[in-house]
Each structure stands twice: as C-alpha cells, then as structure tokens.
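Read the structure below first, then the notes.
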Amino acid sequence: MTIAADFSILESQKEFVRRYHQHSEEERALPMLTSACPGWVRYAERVLGRPVTPHLCTAKSPQQVMGSLVKDYFARQQNLSPEKIFHVIVAPCYDKKLEALREGFSTALPGSRGADCVLTSGEIAQIMEQSDLSVKDATVDTLFGDLKEEEVRRHEGRGSDGHLAHVFRHAAKELFNEDVGEVTYRSLRNKDFQEVTLEKNGEVLLRFAATYGFRNIQNMILKLKKGKFPYHFVEVLACPGGCLNGRGQAQTADGHADKSLLRQMEGIYSDIPVRPPETSAHMQELYQEWLEGTDSPKAQEALHTTYQSPEHCTHSLRPPETSAHMQELYQEWLEGTDSPKAQEALHTTYQSPEHCTHSLDIKW
1 MTIAADFSIL
11 ESQKEFVRRY
21 HQHSEEERAL
31 PMLTSACPGW
41 VRYAERVLGR
51 PVTPHLCTAK
61 SPQQVMGSLV
71 KDYFARQQNL
81 SPEKIFHVIV
91 APCYDKKLEA
101 LREGFSTALP
111 GSRGADCVLT
121 SGEIAQIMEQ
131 SDLSVKDATV
141 DTLFGDLKEE
151 EVRRHEGRGS
161 DGHLAHVFRH
171 AAKELFNEDV
181 GEVTYRSLRN
191 KDFQEVTLEK
201 NGEVLLRFAA
211 TYGFRNIQNM
221 ILKLKKGKFP
231 YHFVEVLACP
241 GGCLNGRGQA
251 QTADGHADKS
261 LLRQMEGIYS
271 DIPVRPPETS
281 AHMQELYQEW
291 LEGTDSPKAQ
301 EALHTTYQSP
311 EHCTHSLRPP
321 ETSAHMQELY
331 QEWLEGTDSP
341 KAQEALHTTY
351 QSPEHCTHSL
361 DIKW
C-alpha cells in the first residue's frame with residue numbers, strides 16, 4: 001500500500017500548488033481538505049455537501065489507487081484478466097469497507113471492483129488466533145516481487161499516511177523556495193487539532209492544520225462556513241488520534257483499544273526510515289509505463305475522483321412515501337397498506353415486567 005500512498009501524496013502535492021495559484025476572493029479554492037479518510041469523505045458527501053465538497057482534494061485515496069494498480073497494471077503484467085484477481089485489503093478502519101463499495105467499478109474491466117474484500121487488522125488478528133497461524137509463517141510479497149526487507153520505507157505522519165508533512169514541504173519549496181527540515185506541530189484546542197506554519201520575516205506564508213475526530217471536524221466546518229478559517233490545507237481524519245487508532249484495530253477482550261499493542265506498533269513504525277515519494281524510482285517508472293506520463297489523461301482518470309453533494313447522492317435520505325417500490329411491496333406482499341397481513345408482518349407487541357418470564361428478579 002506504500003506505493004499507492006506515494007501516488008496519492010504526489011497528486012495531492014500538485015493539486016495544492018495549483019489551488020494555491022487559483023485561489024482568490026472570487027474563486028475560493030482553499031483550504032484544501034484531504035480525502036484519504038473514507039469516514040470523513042462519506043460525512044462530507046452525505047451530510048455537508050456544498051460548500052464543503054469543492055474543498056476536498058480530488059486525489060484518490062491509497063486504497064482506491066491500490067485497486068487500480070492491482071486490477072489494471074498488475075493484471076496486465078501477469079497476463080491476467082482483472083476478474084481472475086481477488087484483491088483483499090487489510091485496513092485499520094471499518095469505513096474502508098464502505099470505501100470499497102463507494103469507489104464503484106474499476107475502469108480496467110466493467111464489473112470488476114478495485115477492492116474485492118476489506119478486512120480490518122483486528123479481524124486478521126482474530127483469524128490468525130482461530131487458525132493458529134503465526135506471522136513468521138506468513139509469506140509476504142510485493143507488487144514488484146523484488147523489494148528487499150531492508151528497503152521498506154514509510155511516510156512521515158501522525159498516525160496517517162503523512163499527507164500534511166509531505167504536502168507542506170513540497171509547497172514550501174515550490175511556492176517560496178524554502179527548504180523545510182523537521183515539520184513542527186503545535187497543539188491548539190487539543191492534541192487532535194494541531195497547526196503547522198511556514199513563516200518568513202514575521203509573515204505567515206503557509207498555515208496547515210491536522211484535524212482528527214468529529215468534535216474537531218465540527219468546529220472546523222463551523223468556522224469554514226463563517227469564512228473564519230485561516231488555513232490553506234487541512235489533514236482531516238475521522239478517528240481521534242488518526243488511523244493508527246482506527247476502530248478496526250486489534251482490541252482487548254472487553255472491546256477497548258489495545259493501548260500497549262498500539263504503543264508497540266508506533267515504536268516499530270517510527271523506526272522505519274522515511275522516504276519522500278518523489279525520490280522513488282518505482283514511481284517514475286509507473287508514471288511512464290502505466291499512466292503514460294505524470295500529467296496525462298490516463299493519470300487523471302486513474303488517480304483522481306469526483307464527489308457528490310447530498311442532493312445528487314443516489315443513496316441520500318428521501319421520504320419513504322415517495323418510493324414506488326414501497327407502494328408495490330405493500331400491494332404485492334402485504335395485500336394493502338392497512339391489511340391484517342401488514343399489521344402482522346410490520347408490528348409487534350411488548351410485555352410488562354409482571355408478564356415477562358425472563359425479567360430480572362431485583363430486590364431492593
């Protein structure tokens with residue numbers, strides 16, 4: 001998934017620079033809001049709509065890019081048709097399952113989804129426990145088949161794919177010719193709302209933010225709608241603490257996050273060297289071999305998406321009485337809206353404690 005995140009980050013970098021140049025009082029292209037979190041994107045599409053969705057970055061998420069890589073590029077490399085590949089993704093979040101449904105069908109072959117199945121890391125842990133499978137016994141492969149263990153790299157980020165840090169460095173260099181070393185986060189309202197700024201001669205040139213959890217998201221949206229949101233770019237994640245704290249992660253027996261395991265994971269992850277996506281030789285090869293260039297129509301189609309507002313969403317809420325299917329079902333299945341069959345099929349009764357044989361015998 002790292003190389004898919006590389007694509008997502010690189011496309012986000014280019015889009016931010018383009019939006020920065022386009023932004024004006026008449027055409028408000030900023031702030032750019034990240035779109036890698038399916039829980040946040042689903043909320044923005046289904047509930048918020050305009051004026052929020054135009055601010056969503058159009059770069060596809062790493063999961064969506066990975067689906068195209070597997071079902072298109074990898075399938076052709078292996079001389080396989082996409083429907084012969086069953087693509088399983090392991091993710092820290094249950095919303096990734098919804099994302100696999102949202103992305104629709106792959107353009108590589110009509111009727112073939114980019115991701116056929118999404119399992120959470122917690123579900124994988126359960127499967128391994130039930131089957132007595134050891135991690136050491138599992139075979140690990142890569143998209144290219146030639147990646148050595150010592151070459152594993154990660155992205156810089158706070159429990160995320162690192163969009164903020166990588167886009168910030170790229171924008172500082174591209175827009176202001178400033179080289180940024182370590183990215184310094186400053187907590188504001190709470191630890192899940194942090195700010196990063198680029199300053200020169202007392203002037204703030206770039207103001208980025210990381211907004212995690214729906215409480216902070218609600219505050220962000222309120223200020224955005226009032227026109228009092230001073231940020232150029234926001235990394236938005238639905239889970240407090242970021243993706244590493246996703247609800248799909250392994251949990252303790254009582255259903256809470258396994259904090260000791262999370263700390264261990266954080267330590268292992270932080271020990272992996274960081275590699276800026278623009279330095280990857282594989283990325284340059286893929287842009288040419290798979291997408292016919294970095295700014296080609298094929299790259300635009302494979303790496304970018306569009307968003308729906310609630311009024312255009314085919315799955316948005318609507319009054320049930322307006323559904324033709326409902327009227328048909330009442331007649332065909334229930335013999336009418338007020339028939340005895342409708343009463344029996346759609347209604348129930350309730351018991352009082354004195355009549356309930358399973359009630360608790362509580363003595364005060």
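Position one of the sequence shown corresponds to residue 1 (the UniProt record's numbering), numbered consecutively onward.
C-beta atoms are modelled at their ideal positions from N, C-alpha and C, and glycine is treated no differently.
Buried versus exposed, by CB contacts within 10 Å (16 or more), A232
For the purposes of this step, residue 232 is taken as residue 232 along the sequence shown, with counting starting at 1. Looking at the sequence shown, residue 232 is not Ala but His. Per the 10 Å Cβ criterion, buried.
Who are Y212's beta bridge partners in DSSP?
As a first step, residue 212 is located in the sequence shown; it is residue number 212 there, counting from the start. Per DSSP, L237.
The alpha helix (DSSP H) enclosing K60, as first and last residue numbers
Position 60 of the sequence shown, counting from 1, holds the residue named residue 60. Looking at the DSSP string, K60 is not in any alpha helix (DSSP H), and its letter there is neither H nor E.
For L112, does the count of other Cβ atoms within 10 angstroms reach 16, so buried, or fall short, so exposed?
As a first step, residue 112 is located in the sequence shown; it is residue number 112 there, counting from the start. According to the sequence displayed, residue 112 carries Ser and not Leu. When all chains shown are included, S112 counts as buried.
Write down the C-beta distance between M265 and L244 rounded to the nearest angstrom, noting that I regard them as a contact closer than 8 Å.
Translated into positions along the sequence shown, residue 265 becomes position 265. Translated into positions along the sequence shown, residue 244 becomes position 244. Right, the Cβ-Cβ distance comes to about 7 Å (below 8 Å), so this counts as a contact.
Around the Cβ of D271, are there at least 16 other Cβ atoms within 10 angstroms (buried) or fewer (exposed)?
Taking the sequence shown and counting its residues from 1, the one referred to as residue 271 is at position 271. So D271 counts as exposed.
K259 classed as buried or exposed, judged by whether at least 16 other C-beta atoms fall within 10 angstroms:
Locating residue 259 in the sequence shown gives position 259, where the first residue counts as 1. The residue in question, K259, is exposed, as its Cβ has fewer than 16 Cβ neighbours within 10 Å.
Could you tell me the boundaries of the beta strand (DSSP E) in which A91 lies?
Counted from its first residue, the sequence shown places residue 91 at position 91. It spans 88–91 - the beta strand (DSSP E) in which A91 sits, taken as one unbroken run.
Taking buried to mean at least 16 other C-beta atoms within 10 Å of its own C-beta, is H170 buried or exposed?
Counting from one through the sequence shown, the residue named residue 170 turns up at place 170. Under this definition H170 is a buried residue.
Residue environment, D361, which counts as buried when at least 16 other CB atoms sit within 10 Å
Within the sequence shown, numbered from 1, the residue matching residue 361 stands at position 361. Bear in mind that a pLDDT of 47 at D361, under 50, signals an unreliable position, so the model cannot answer this.
Neighbourhood of F16 by C-beta, 7 Å cutoff - its chain only, sequence neighbours within 5 removed:
Within the sequence shown, residue 16 is the residue found at index 16, counting from 1. Closer than 7 Å at Cβ, skipping near neighbours: M32, V167, A171, F233.
Between L237 and the rest of its own chain, which residues show a CB-CB distance below 7 Å, the 5 nearest in sequence each way excluded?
The residue labelled residue 237 in the question sits at position 237 within the sequence shown. Result list for L237: C37, W40, S160, Y212, C243, in chain order.
Give the single residue among Q63, E27, R76 whose Cα lies nearest to the Cα of L291.
Along the sequence shown, read from residue 1 onward, the residue named residue 291 stands at position 291. The option with the nearest alpha carbon to L291 is R76.
Euclidean distance between Cα positions of K173 and V204:
Numbered from 1 along the sequence shown, position 173 holds the residue referred to as residue 173. Numbered from 1 along the sequence shown, position 204 holds the residue referred to as residue 204. Cα-Cα distance, rounded: 15 Å.
Take the Cβ of E344 as the centre, count every other Cβ of all protein chains shown within 10 Å, and call the residue buried at 16 or more, exposed below.
Mapped onto the sequence shown, residue 344 falls at position 344. With fewer than 16 other Cβ atoms within 10 Å, it is exposed.
Any heavy atom of the ligand ADP closer than 7 Å to the CB of E332?
This structure lacks the ligand ADP; in fact it carries no ligand of any kind.
Which residue comes first and which comes last in the alpha helix (DSSP H) that contains K200?
On the sequence shown, position 200 is the one that residue 200 refers to. That residue, K200, is in no alpha helix (DSSP H); its beta strand (DSSP E) goes 193–200.
Less than 8 Å between the beta carbons of E235 and T2, yes or no?
Taking the first residue of the sequence shown as position 1, residue 235 is located at position 235. Taking the first residue of the sequence shown as position 1, residue 2 is located at position 2. In this structure, T2 does not lie closer than 8 Å to E235 by Cβ.
Using a 10 Å radius around the Cβ and a threshold of 16 neighbouring Cβ atoms, would you call Y287 buried or exposed?
If you number the sequence shown from 1, residue 287 lands on position 287. Buried: at least 16 other Cβ atoms inside 10 Å.
Can you tell me the Cα-Cα spacing of S187 and F193, whole angstroms?
In the sequence shown, the residue the question calls residue 187 occupies position 187. In the sequence shown, the residue the question calls residue 193 occupies position 193. Each residue's alpha carbon lies about 6 Å from the other.
Whole angstroms is fine: what's the gap from Y94's alpha carbon to K200's?
Here residue 94 is taken as the residue at index 94 of the sequence shown, counted from 1. Here residue 200 is taken as the residue at index 200 of the sequence shown, counted from 1. Answer to the nearest angstrom: the Cα atoms are 42 Å apart.
Name the DSSP bridge partner or partners of Q251?
Residue numbering aside, residue 251 sits at position 251 when the sequence shown is read from its first letter. Per DSSP, A257.
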